[in-house]
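Before any comments, here is the structure.
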Amino acid sequence: MAEIHTLHTRMTWPRELRHPHNLALYHYWRALKPAQGLPARAELDLRKVKELLPWLGLLQRQPDEDAFQWRLTGSGLDALLGDDRSGRAAFSGWPAFERSTLQRRFAHVARDGRPFAARLKLHNAENWSLHTELLALPVAGGSGGETLVLACLLPFKDERSRYFGRAVGAEMIALRAIRDDALGDAAPTPPPPDMIGRPLRLIDGGRS
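Going by this note's numbering, the letters in the sequence shown line up with residues 7 to 214, in that order.
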């Protein structure tokens with residue numbers, strides 16, 4: 007597989023995605039997806055998406071609850087979400103609308119196998135804002151055959167995320183399911199450069 011930061015120059019651009027690295031992850035997922043069913047978690051070679059490792063997380067449904075919690079998170083998510091990963095429902099500290107909307111969409115992803123993308127404006131304790139894009143992809147491999155959700159939460163401006171710290175809230179800007187039939191034969195004009203930012207740095211590690 008080619009380097010992930012160059013892939014977007016040769017790919018069709020689903021209108022639901024604005025971040026080039028999420029685009030590359032989406033196409034990698036589609037390449038692994040069988041004609042029937044979902045890519046298996048064991049098939050994911052994270053070395054091929056190494057630039058995204060800090061921003062990747064794996065979600066699974068909580069036992070006896072209609073909510074998803076983080077099972078694995080990269081170091082970038084750790085910095086943005088803080089204590090949000092401690093076995094509670096994902097985004098439990100966020101406003102009710104954003105939290106419940108994302109939880110419902112995760113349930114749809116796991117049930118129907120259809121990815122979605124959301125644009126979110128995060129806020130920290132100093133009232134700084136950071137624009138991000140969340141991509142949620144279904145993968146097989148949970149205990150008992152359950153579907154897990156592979157999530158990638160990417161800041162549009164990586165240099166600002168280094169100083170942003172923990173998000174204490176979020177505002178939903180847009181959310182759409184991604185339809186395969188929305189892909190054309192040629193890529194439309196990519197997002198403007200200021201929405202793309204610099205290539206992401208690889209940050210070693212993550213937490214389980």
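Beta carbons: idealized from backbone N, C-alpha and C, even for Gly.
- For A85, the secondary structure class from DSSP, reduced to helix, strand or coil, is helix.
- The C-alpha of P45 is placed about 6 Å away from the C-alpha of L38.
- Annotation: Q42 to R36 spans about 12 Å, alpha carbon to alpha carbon.
- When C-alpha distances from I184 are compared across S106, V174, L140, the shortest belongs to L140.
- F122 counts as buried, since no fewer than 16 other beta carbons sit within 10 angstroms of its beta carbon.
- Residue range 74-80 is occupied by the beta strand (DSSP E) that includes F74, with no alpha helix (DSSP H) assigned at that position.
- DSSP lists A173 as the bridge partner or partners of N130.
- Looking from the CA of S81, the closest CA among A142, R168, A30 belongs to R168.
- Distance from the CA atom of L159 to the CA atom of H129, rounded to whole angstroms, is 14 Å.
- Here A142 carries a strand assignment [DSSP, helix/strand/coil].
- Excluding the 5 residues flanking it on each side, R182 has same chain C-beta neighbours closer than 7 Å at E22, F122, A123, in chain order.
- Here the C-alpha atom of H137 lies approximately 10 Å from the C-alpha atom of M178.
- Counting along the chain, the unbroken beta strand (DSSP E) around Q66 starts and ends at 62-67.
- Residue range 26-38 is occupied by the alpha helix (DSSP H) that includes L29.
- Beyond the five residues adjoining it in sequence on each side, G88 comes within less than 6 Å, by CB distance, of R172 in the same chain, given in chain order.
- One alpha carbon belongs to Y32, the other to T107, and they sit about 21 Å apart.
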